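Accompanying notes for the structure given below.
In structure tokens form, the structure reads like this:
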């Protein structure tokens, strides 16, 4: 089956530092990947849609200069949380859709997520 | 933004009991409805993608039904087992992404 890896699975950093999270589709190509954030007891909130070879599309309220997304290849997207602050502490999870499937009928394949704690 | 809601938020059942929970979504401009199972420390895993009104899908002891006219889907688990303990998410596609409900957290007590 389709596998998405995410690295690191958890990270603790000091306030002001930047953290990069990688999302890889291991056995399929993904022109589109998605980055979600989950707040406690809330649903997965889409932050941005990462498009291979072009700029990411950010959801309303998500600062693109703070959450830098790069999708340089068909199997890798990265999310960099720049100048992290304690309020950025959260669970971040990525997903990818196989390029060959339609947007509705094709399920998304998720990474295991990254728990970020900013001290 | 699509408003997808799930109930109940959490559920505890005894091993062997059958259970079900609900996902509601906007019935206008319906395209599809996805169900995912998310076990602790693992990736969410797709269970079903449903598109037609009246659809019923089954995977082992888990099944789901879909009513697109009234905007709801039920997920059923027959004879719950401890390994069924997980958060069950439903989602509805938007223009290029999925809108998720908050999930139903199921705990099956041995």
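Residue numbers (the working numbering), protein chains in the order written: chain A, 180 to 298; chain G, 117 to 226. Yeah, the Cβ is synthetic: ideal placement off N, Cα and C, and Gly gets one too. Note that the structure is a prediction, hence the values are computed from the model and not measured.
Cβ-based burial, residue i [other Cβ within 10 Å; buried from 16]
i                      : result
residue 250 of chain A : buried
residue 154 of chain G : buried
residue 218 of chain A : exposed
residue 177 of chain G : exposed
residue 200 of chain G : buried
residue 214 of chain G : buried
residue 223 of chain A : buried
residue 193 of chain G : buried
residue 214 of chain A : buried
residue 256 of chain A : buried
residue 272 of chain A : buried
residue 185 of chain A : buried
residue 228 of chain A : buried
residue 252 of chain A : exposed
Contact set for residue i: own chain, Cβ-Cβ below 7 Å, skip 5 residues either direction
i                      : result
residue 198 of chain G : 131, 224, 226
residue 138 of chain G : 122, 123, 188, 190
residue 118 of chain G : 141, 142, 208, 210, 215
From the options, residue whose alpha carbon lies closest to that of residue i
i                      : options                    : result
residue 278 of chain A : A:254, A:242, A:223        : A:254
residue 200 of chain A : A:270, A:298, A:286        : A:270
residue 208 of chain A : A:181, A:295, A:294        : A:181
residue 237 of chain A : A:221, A:220, A:258, A:189 : A:258
residue 242 of chain A : A:226, A:287, A:231, A:252 : A:226
residue 237 of chain G : G:193, G:183, G:218        : With chain G represented from 117 up to 226, any question about residue 237 of chain G goes unanswered, as that position is not in the structure.
residue 166 of chain G : G:206, G:124, G:195, G:127 : G:206
residue 244 of chain A : A:262, A:252, A:233        : A:262
residue 194 of chain A : A:275, A:228, A:264        : A:264
residue 183 of chain A : G:136, G:127, G:158, G:120 : G:158
residue 179 of chain G : G:120, G:127, G:152        : G:152
C-alpha distance - residue i paired with residue j, whole-angstrom precision
i                      : j                      : result
residue 204 of chain G : residue 196 of chain A : 35 Å
residue 150 of chain G : residue 129 of chain G : 24 Å
residue 291 of chain A : residue 221 of chain G : 18 Å
residue 219 of chain G : residue 122 of chain G : 6 Å
residue 202 of chain G : residue 221 of chain A : 15 Å
residue 231 of chain A : residue 211 of chain A : 6 Å
residue 248 of chain A : residue 286 of chain A : 22 Å
residue 198 of chain A : residue 239 of chain A : 22 Å
residue 160 of chain G : residue 289 of chain A : 6 Å
residue 205 of chain A : residue 276 of chain A : 12 Å
residue 217 of chain G : residue 216 of chain A : 13 Å
residue 136 of chain G : residue 274 of chain A : 27 Å
residue 169 of chain G : residue 185 of chain G : 7 Å
Other residues of its chain near residue i: CB distance less than 8 Å, five sequence neighbours each side excluded
i                      : result
residue 175 of chain G : 163, 164
residue 187 of chain G : 140, 141, 142, 143, 146
residue 188 of chain A : 291, 292, 293, 294
residue 134 of chain G : 192, 193, 194, 195, 196
residue 246 of chain A : 214, 226, 227, 237, 258, 259, 260, 261
Close Cβ partners of residue i (< 6 Å) along its chain, the five nearest in sequence each way excluded
i                      : result
residue 267 of chain A : 260, 297
residue 181 of chain G : 172, 190
residue 191 of chain A : 296
residue 203 of chain A : 184, 254, 255
The ligand FMN heavy atom lying under 8 Å from the CB of residue i
i                      : result
residue 225 of chain A : Inclusion of the ligand FMN in the displayed structure is not the case, the ligand content being empty and no account of it being possible.
Exercise for review: Let me know the alpha helix (DSSP H) ranges lying completely inside the segment 256 to 295 of chain A, each 4 residues or longer, listed in chain order.
Suggested key: none
**Study point:** Contiguous alpha helix (DSSP H) assignments of at least 4 residues, all confined to the segment 126 to 171 of chain G
**Key:** none
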